[in-house]
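When you line the sequence shown up against the working numbering, it's residues 14 to 322, in that order.
Positions of the beta carbon are idealized from the N, C-alpha and C atoms, including for glycine.
Values in this document were obtained by computation on a predicted structure and should not be read as measured data.
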Amino acid sequence: MTEKYAVVVIGGGAAGLSAALVLGRARHSTLVVDAGEPRNAPAAHMQGYLSRDGMPPAEFLAVGREEIARYGVELVRDRVVDVEKGEDFAVVLAGGRTVRARRLVVATGLQDELPAVPGVAERFGRDVLHCPFCHGWEVRDQPFGVLGTSPASVHQALIVSQWSKDVRFFLHTVAEEELSDQDLRRLAAAGVDVVPGEVAELVVEDDRLTGVRLADGTVHARSVLFVGPRPVPQTGLLERLGAELHETPFGAYPVVDGNGQTTVPGVWAAGNAIGFAEQVVHAASGGYRAASAIVGDLLMADLDASVRV
Ligand SMILES: Cc1cc2nc3c(=O)[nH]c(=O)nc-3n(C[C@H](O)[C@H](O)[C@H](O)COP(=O)(O)OP(=O)(O)OC[C@H]3O[C@@H](n4cnc5c(N)ncnc54)[C@H](O)[C@@H]3O)c2cc1C
Numbered sequence: 014m015t016e017k018y019a020v021v022v023i024g025g026g027a028a029g030l031s032a033a034l035v036l037g038r039a040r041h042s043t044l045v046v047d048a049g050e051p052r053n054a055p056a057a058h059m060q061g062y063l064s065r066d067g068m069p070p071a072e073f074l075a076v077g078r079e080e081i082a083r084y085g086v087e088l089v090r091d092r093v094v095d096v097e098k099g100e101d102f103a104v105v106l107a108g109g110r111t112v113r114a115r116r117l118v119v120a121t122g123l124q125d126e127l128p129a130v131p132g133v134a135e136r137f138g139r140d141v142l143h144c145p146f147c148h149g150w151e152v153r154d155q156p157f158g159v160l161g162t163s164p165a166s167v168h169q170a171l172i173v174s175q176w177s178k179d180v181r182f183f184l185h186t187v188a189e190e191e192l193s194d195q196d197l198r199r200l201a202a203a204g205v206d207v208v209p210g211e212v213a214e215l216v217v218e219d220d221r222l223t224g225v226r227l228a229d230g231t232v233h234a235r236s237v238l239f240v241g242p243r244p245v246p247q248t249g250l251l252e253r254l255g256a257e258l259h260e261t262p263f264g265a266y267p268v269v270d271g272n273g274q275t276t277v278p279g280v281w282a283a284g285n286a287i288g289f290a291e292q293v294v295h296a297a298s299g300g301y302r303a304a305s306a307i308v309g310d311l312l313m314a315d316l317d318a319s320v321r322v
């Protein structure tokens with residue numbers, strides 16, 4: 014017999030676990046299916062989450078899993094490979110199990126597609142960074158590089174100057190003509206050096222970034238490199254359900270209301286599944302909002318059904 018839950022939460026990162034905690038505490042049978050690849054896994058510490066600043070991401074999730082278990086929420090390490098909407102939702106797991114749910118929370122996060130420069134992937138989350146709010150304090154005042162991969166990299170080069178006055182902006186794949194007069198004025202005012210030329214590879218010594226080598230062979234001594242990964246939202250299941258998406262410069266995300274309800278009745282989304290800039294604290298908050306909306310939605314559906322009988 015297929016097991017039926019009130020809610021299946023797809024993804025067990027900050028967003029999914031937070032939703033599950035609220036649902037469990039509201040006495041709803043809830044299953045979290047988690048493939049176990051949270052976005053911030055490469056980082057040793059999670060910063061900027063009030064009261065948890067500096068906590069290892071894995072520890073944060075372990076505490077969350079412990080908390081949801083107290084309220085009878087089940088969690089399985091598996092991947093949802095398909096969902097189908099009928100009277101309720103059929104959720105198909107890679108491990109071969111199919112479960113049913115009255116409501117869904119999609120909290121599948123996003124994946125970072127890194128620029129294909131040798132050394133970048135190996136050092137991501139250590140001294141190759143994407144987010145100054147996540148890591149800026151820890152590397153403050155060091156010699157920064159910023160890898161140009163799109164005109165949006167200008168913004169990154171400017172923002173990181175809040176954390177170091179020694180910033181070199183390697184244009185790499187950005188043509189000089191793509192920089193506007195305003196970009197150039199702001200970069201100069203921020204004291205950011207603009208370095209034309211393609212980056213060939215990172216220089217690493219004793220397991221630390223020490224430089225950035227250009228294609229012409231010159232090496233710029235740098236101990237931190239900021240890059241702009243291409244965010245790849247994990248929206249396949251939402252698309253399968255027919256959810257409306259909207260394009261942004263950072264990928265296509267589901268159209269949601271203030272509580273994360275998508276355009277598909279019964280389906281909510283939270284965390285990086287709804288936007289590239291959702292930090293851990295936002296993801297946890299989004300999961301909470303989705304779950305509390307679901308509690309109301311299920312209750313009203315049951316009350317209305319009982320009145321109709
Ligand atoms: C290197 C790095 C460092 C960061 N540091 C910080 C920081 O210091 N502070 C901060 O606030 N933010 C930080 N972030 C951002 C942070 O990672 C995100 O804000 C956060 O992970 C979003 O939580 P989420 O629950 O939406 O997604 P995730 O944490 O990515 O969780 C999504 C989960 O869903 C699972 N999943 C995906 N698809 C499926 C499927 N089909 N079936 C089942 N499970 C699935 C994934 O395996 C994953 O476990 C950092 C990001 C990176 C890349």
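Whole-angstrom distance between F73 and V208, CA atom to CA atom: Straight through space, the alpha carbons of F73 and V208 are spaced by roughly 39 Å.
Cβ-heavy atom distance between E151 and ligand 1 below 7 Å? Answer for E151: no, Cβ out of range of ligand 1.
Test item: CB-CB of V119 and L30 under 8 Å: Not a contact, by the Cβ cut-off of 8 Å.
If we count the other Cβ atoms within 10 Å of its Cβ and call it buried at 16 or more, is E79 buried or exposed? E79 comes out exposed.
Can you confirm whether the stretch 150-168 touches the stretch 98-106 when touching is taken to mean that 3 or more C-beta pairs between the two stretches lie within less than 8 Å? The answer is no - the stretch 150-168 does not touch the stretch 98-106, with fewer than three Cβ pairs under 8 Å.
Three or more C-beta pairs under 8 Å: does that hold for the stretch 19-37 against the stretch 298-306? Counting C-beta pairs closer than 8 Å gives three or more between the stretch 19-37 and the stretch 298-306, which meets the contact rule.
Assuming T186 contacts T223 under a Cβ cut-off of 8 Å, what Cβ separation, rounded to an integer in Å, is found between them? The Cβ separation is near 23 Å, so there is no contact.
May I ask which residues mark the beginning and end of the alpha helix (DSSP H) holding Y301? Here the alpha helix (DSSP H) through Y301 covers V293 to R321.
Among E16, A28 and D47, whose alpha-carbon lies nearest the alpha-carbon of S298? For S298, the nearest C-alpha among the options comes from A28.
Buried or exposed for Q175, going by 16 or more other Cβ atoms inside 10 Å? Q175 is classed as exposed because its beta carbon has fewer than 16 other beta carbons within 10 Å across all chains shown.
Report back the beta-carbon spacing between V232 and V216 to the nearest angstrom; my notes put them in contact at under 8 Å. Contact holds; Cβ gap of about 6 Å.
How close, in whole Å, do the beta carbons of E16 and V105 come, if the pair is a contact with beta carbons under 8 Å? Going by Cβ atoms, the distance from E16 to V105 rounds to 13 Å, so no, they are not a contact pair.
Contiguous alpha helix (DSSP H) assignments of at least 4 residues, all confined to the stretch 102-158: The DSSP assignment places 133-136 and 145-148 as complete runs of the alpha helix (DSSP H) inside the stretch 102-158, in order along the chain (cut-off: 4 residues).
List, from N- to C-terminal side, the beta strand (DSSP E) runs of 3 residues or more that fit wholly inside the stretch 63-102. DSSP runs (the beta strand (DSSP E)) wholly in the stretch 63-102: 87-90 and 93-98.
Meets three-Cβ-pair contact criterion under 8 Å: the stretch 121-136 and the stretch 58-68: Touching, no.
Using a threshold of 7 Å, is the CB atom of L250 nearer than that to any non-hydrogen atom of ligand 1? L250 Cβ: within cutoff of ligand 1.
Three-state class that DSSP yields for Q169 in the structure shown: For Q169, the secondary structure class from DSSP, reduced to helix, strand or coil, is helix.
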